[in-house]
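Quick note: the sequence shown uses the numbering used here, first residue 8, plus one each step. Ideal placement from N, C-alpha and C gives every residue a C-beta, glycine not left out. Following: one structure in structure tokens, then a few remarks.
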Amino acid sequence: RLGGETKRLTFLFSDIRGFTPISEKYQKNPQGLTELINRFLDNQTQIILKHGGTIDKYMGDCIMAFWGAPLDDDNQVDNATKAVLEMRESLEELNERLREEGLDQINTGAGINTGLCVVGNFGSSNRFDYSVLGDSVNLAARLESSCKNYDTSLIISEYSLVDGYDYKFLDEVTVKGKSEPVKIYTIEK
């Protein structure tokens, strides 16, 4: 059934950094590229699911996930933060295996934001997806894409801070499409 509701959720976008040069190396080996990406996606997806996240979609080498729907999650920010930190650790282990196999290593950027969105079934009566829409979702995507500007693998908005983590303030930024600045942080390794 099509339709949605407004909810406060936590969003994660995680994307491979420098994917174009990696994919160019595999022009004559599409199966190799597919295997590499699927190893990455499987590795990261298992962690998101373990911490109660919902995979919204895969967009090439990017994972979009959220916490707080379809099941409510009073600890959604903490669960998303735990997931992204474990994803970072697990990626180091995956990269060690890739290095041993003589394959390209993978680096990622991730953005986390929390806020109101519309969540529900979007599409047509023939085909629809359970997904999220809204400014809060877009901000998480913009934070992920800003990782390279701050030479970090993780950017978290001021709306996604919870006790128990050692946050480092990065900047106060006004992202495209927004008039109010947002404070951004990272958690160093």
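- In the same chain as N102, and ignoring 5 residues on each side of it, the C-beta atoms closer than 7 Å to its own belong to Q112 and I113, in chain order.
- Under the DSSP assignment, D63 falls in the beta strand (DSSP E) whose first and last residues are T61 to M66.
- Below 8 Å, enough C-beta pairs join the region 12-22 and the region 116-128 to call them touching: three or more.
- Contact annotation: G118 and L98 have beta-carbon atoms that are not nearer than 7 Å.
- Under the three-state reduction of DSSP, N114 is assigned to strand.
- Following the DSSP letters along the chain, one finds L105 inside the alpha helix (DSSP H) bounded by residues Q83 to E107.
- Residue burial is scored here from C-beta neighbours: S131 has fewer than 16 other C-beta atoms within 10 angstroms and is therefore classed as exposed.
- Annotation for L48: the continuous alpha helix (DSSP H) segment containing it runs P37 to K57.
- Our two residues, E179 and Y192, have alpha carbons roughly 9 Å apart in a direct line.
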